[in-house]
């Protein structure tokens, strides 16, 4: 698991941030040492990975970042007081996290010494103090005679990374004895056996971090065997997996066995591999395993789908969503979804230096486009990025040969981690689910204490020109955790960290997933509540300008209310965005609440519209909520933060039996567009919304979609076993049927479309027979090995 001194916090202050964020891989123009052999060349490359090159220290954004680095280093040196059991009074070395934090502060001091424009550049006293600090930590806690205690991550990843980076920067100032001492300490805590087996804490992102320490120890100690071991130990990270940690064929990335983690651990893995690929490229130890292409392909297949306008979606970022801090703190730390997005862009830019020219050019276009669109948190103002990362990103921005790539449209379903992303012109949305395979949420090390319901169908969305700070602006410490947008939930009170740490709370359900043709999708989740009796069936039908949301068979027996949250928009510190219902403006006063009977539609100014087919009773609340980061993360700040929210929800009452609701989410829709959709009563027909089946027809889009929780017939579709079916009729006389087995349990399945079909134009090998004529009958063979993937069949209509 991870340390209480989080990866994000560690990288915020460490020289290691340059690697994570994607530093430059160019050689320094005037290295401080003689490049006498290949090891010296590699050391020169790594030094520039850490420090960057080719930038003007007097120009923006570098001048500000370098001054900040100098300020941080000056603070650290002024408070450093070597004593028995500590190097800084606030970091007792009886805590493993304090060891990492101490090495991290020294790495910051080393950077301030080596970088230009810090006010401490080349100061001999600072270098001496930094070396003395390294010696003190060695003598006190990090040497071959000591034993590991506390969190393994600090001894095997956090501390050695910061130590080795400092040794790289200060190499010329270290005596042979000092260097030997530090390398011996790394050998003690990161032995060759740490990568001897691909199990436990030596998988995925953790494995890459371990290899990084082994490689740098080999470079600094001129040990070819260490470098070769690090290179070869990367290979188990590359292949697709079918369970546990790693990349899946559908683009999913999982860490801690049960958690979608593309935006956190996946990002660490990507940044680490980018650095190592770049470091070793062209050397005796270049990474040549052909499976490394899987990592290169993950840029488009795994990371890009969750990047939007420069941010990395929360749906795949696990407990890191609880690590934010106010922007007003002394370090200007931005963090959150935009911080993760910026670091991803920088890692992609670095990886490009070790990829083919076409890949590099394509990725630079992706990076440039994302940078240009991040109006909420401009990338080059992110002082959490290292100087090296800023240099690389600014080079992409200034490259006139790079045409910025537009945001893609389409749908990506990730059944191996119970996630979906729907992208349309002007907006994007994500859906977070949970099953036996994926946890409802992750808590651990005192982090993400109230993320209980994020996997209960949370539906987040962003607009191209609005809402990009929706979840960045103190959303997680101030939102009502029982009213996350999109979820169906029991209001039963839960304890902090309810369900246990590290992905343990997983609902005992199999039917979670969907089917997509790459543009539209049908998605379903059998919902079971965390530590409650909540039971519900939920479906989302992702279409051209909207998402149709159904919740049915809603039950609970906890003696508490059950709700389906239509929306919970963060209006910021002072937002008064108007709410219009059925054409009537409602109050903008804080504390206003209402039961909206006969609601056909609602619209939140500057956000979007919501249509309630056939009319509904919906509750609304406008409130100010106050919380702190420490409420959800024991390592967070305790400063109170207040944000305003506008919430819409269905109240199913206390202990409901077979309650149901439906609504249409229209991101970015105006009042006119929302009213028009509500008035077009024939646009949508809800075919079923109960315990057995949920389905819709949208004639204007040629869409019929049904989630079969059990076998049966809905409209024109029949399935003899549980399945998901999406049908799209096209204007050219053809149609596409998309079928999946979200349960991964069907050894055979028959789907019938009661519509004349002349011929089957294409089908996958899983279709064992296809009968056409007055109806289309498709027989599928064993689907258990398809991992919930969509089976696409194209037909000519009769």
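Numbering (the working numbering), first residue to last: 103 to 900.
Each residue gets a CB set at the ideal place from its N, CA and C atoms; glycine is no exception.
Quiz item: Do residue 590 and residue 536 have their CB atoms nearer than 8 Å?
Solution: No, these two residues do not count as a Cβ contact at 8 Å.
Self-check item: Beta-ladder partner(s) of residue 672, from DSSP
Solution: Checking the DSSP bridge columns, you'll see residue 672 partnered with 747.
Exercise. Return the chain-ordered list of same chain residues with a C-beta closer than 8 Å to the C-beta of residue 238, the five sequence neighbours on each side being excluded.
Key: Beyond the five residues adjoining it in sequence on each side, residue 238 comes within less than 8 Å, by CB distance, of 184 and 189 in the same chain, given in chain order.
Quiz item: DSSP on residue 705, reduced to helix/strand/coil?
Solution: Residue 705: strand per DSSP, three-state reduction.
Quiz prompt | Residue nearest to residue 159 in terms of C-alpha spacing, selected from 204, 148, 218 and 480 | solution = Proximity to residue 159 across 204, 148, 218 and 480 peaks at 218, based on C-alpha coordinates.
Quiz item: Which class does residue 223 belong to by DSSP, given the choice of helix, strand or coil?
Solution: In this structure, residue 223 counts as coil in the three-state DSSP scheme.
Exercise. With a threshold of 16 other CB atoms inside 10 Å of the CB of residue 812, please say whether the residue is buried or exposed.
Key: Counting Cβ neighbours within 10 Å, residue 812 comes out exposed, since fewer than 16 surround it.
Quiz item: Alpha carbon to alpha carbon, what distance is there between residue 613 and residue 645?
Solution: Looking at the two C-alpha atoms, the distance is approximately 22 Å.
Quiz item: Taking the Cβ atom as the reference point for each residue, do residue 456 and residue 380 lie within a distance shorter than 8 Å?
Solution: For residue 456 and residue 380, yes; Cβs fall inside 8 Å.
Quiz prompt | Alpha carbon of residue 899 to alpha carbon of residue 829, nearest angstrom | solution = Approximately 12 Å between the Cα atoms of the pair.
Self-check item: Three-state secondary structure assigned by DSSP to residue 791
Solution: Reduced to three states, the DSSP call for residue 791 is strand.
Self-check item: Pairwise C-alpha distance: residue 748 and residue 451
Solution: A straight line joining the alpha-carbon of residue 451 with that of residue 748 spans about 39 Å.
Quiz item: So, residue 533 versus residue 642, is the Cβ gap smaller than 8 Å?
Solution: With respect to residue 642, residue 533 sits close: the two C-beta atoms are nearer than 8 Å.
Practice problem: Whole angstroms is fine: what's the gap from residue 285's alpha carbon to residue 489's? | Solution: Whole-angstrom Cα-Cα distance: 27 Å.
Quiz item: What residue from 661, 669, 617 and 558 has the CA that sits closest to residue 632's CA?
Solution: Distance from the Cα of residue 632 is smallest, within the candidate group 661, 669, 617 and 558, for 558.
Practice problem: Locate the alpha helix (DSSP H) running through residue 100, then write down its first and last residues. | Solution: No information on residue 100 is available, as it lies outside the stretch 103 to 900 that the chain covers here.
Practice problem: Just the C-alpha distance for residue 256 and residue 510, rounded to the nearest angstrom, thanks. | Solution: Spanning the two alpha carbons is a distance of roughly 39 Å.
Self-check item: Coarse secondary structure for residue 876, derived from DSSP in three states
Solution: Residue state, collapsed to three classes: coil.
Quiz item: In three-state DSSP terms, what is residue 533?
Solution: In this structure, DSSP gives residue 533 an extended state, which the three-state scheme calls strand.
Exercise. Measure the CB-CB distance between residue 442 and residue 366 and report whether it falls below 8 Å.
Key: Yes, Cβ-Cβ distance for residue 442 and residue 366 is below 8 Å.
Practice problem: Can you tell me which of the three DSSP states residue 149 falls into? | Solution: Residue 149 falls in the helix class under three-state DSSP.
Exercise. In the DSSP assignment, find the unbroken beta strand (DSSP E) run with residue 721 in it and report its ends.
Key: If you look at residue 721, you'll find it in the beta strand (DSSP E) that goes 710 to 729.
Self-check item: Pick from 296, 148, 894 and 208 that is closest to residue 621, judged by C-alpha positions
Solution: Looking only at 296, 148, 894 and 208, the smallest Cα-Cα distance to residue 621 is reached by 894.
Practice problem: Please indicate yes or no: does the CB of residue 819 lie closer than 7 Å to some heavy atom of the ligand FAD? | Solution: Absent from the structure shown: the ligand FAD. Ligands present: none.
Quiz item: Going by DSSP, which residues form a beta bridge with residue 765?
Solution: When DSSP reads this structure, residue 765 sits in a beta bridge with 651.
Self-check item: Spatial neighbours of residue 647 in its chain, beta-carbon cut-off 7 Å, leaving aside the 5 residues before and after
Solution: Cβ-Cβ distances below 7 Å link residue 647 to 526 and 768 in the same chain, with the five nearest sequence neighbours on each side left out; the list follows chain order.
Self-check item: Residues sharing a beta bridge with residue 630, DSSP
Solution: According to DSSP, which records beta bridges pairwise, residue 630 is partnered with 637.
Quiz item: Can you name the start and end residues of the beta strand (DSSP E) that residue 681 belongs to?
Solution: It spans 681 to 683 - the beta strand (DSSP E) in which residue 681 sits, taken as one unbroken run.
Practice problem: Please state whether DSSP places residue 735 in a helix, a strand or coil. | Solution: DSSP, read as helix, strand or coil, puts residue 735 in strand.
Quiz item: Among 323, 549 and 740, which has the Cα closest to the Cα of residue 277?
Solution: Restricting attention to 323, 549 and 740, the CA atom closest to the CA of residue 277 is found in 323.
Quiz item: Ends of the beta strand (DSSP E) at residue 357?
Solution: Boundaries of the beta strand (DSSP E) around residue 357: 355 to 357.
Exercise. Report the three-state DSSP secondary structure of residue 816 (helix, strand or coil).
Key: Three-state DSSP puts residue 816 in a strand.
Practice problem: Take residue 752 as the anchor and find which of 710, 663, 236 and 876 has the nearest alpha-carbon. | Solution: Answer by Cα proximity: 663.
Practice problem: With a threshold of 16 other CB atoms inside 10 Å of the CB of residue 824, please say whether the residue is buried or exposed. | Solution: A residue is called buried when at least 16 other Cβ atoms come within 10 angstroms of its Cβ; residue 824 meets this threshold and is buried.
Quiz item: Under 8 Å between the Cβ atoms of residue 795 and residue 808?
Solution: Between residue 795 and residue 808, the gap from beta carbon to beta carbon is short of 8 Å.
Quiz item: If residue 259 sits next to residue 340, beta carbons under 8 Å apart, how far is it from one beta carbon to the other, in whole angstroms?
Solution: Taking a contact as a CB-CB distance under 8 Å, the pair residue 259 and residue 340 does not count as one, their CB atoms being some 20 Å apart.
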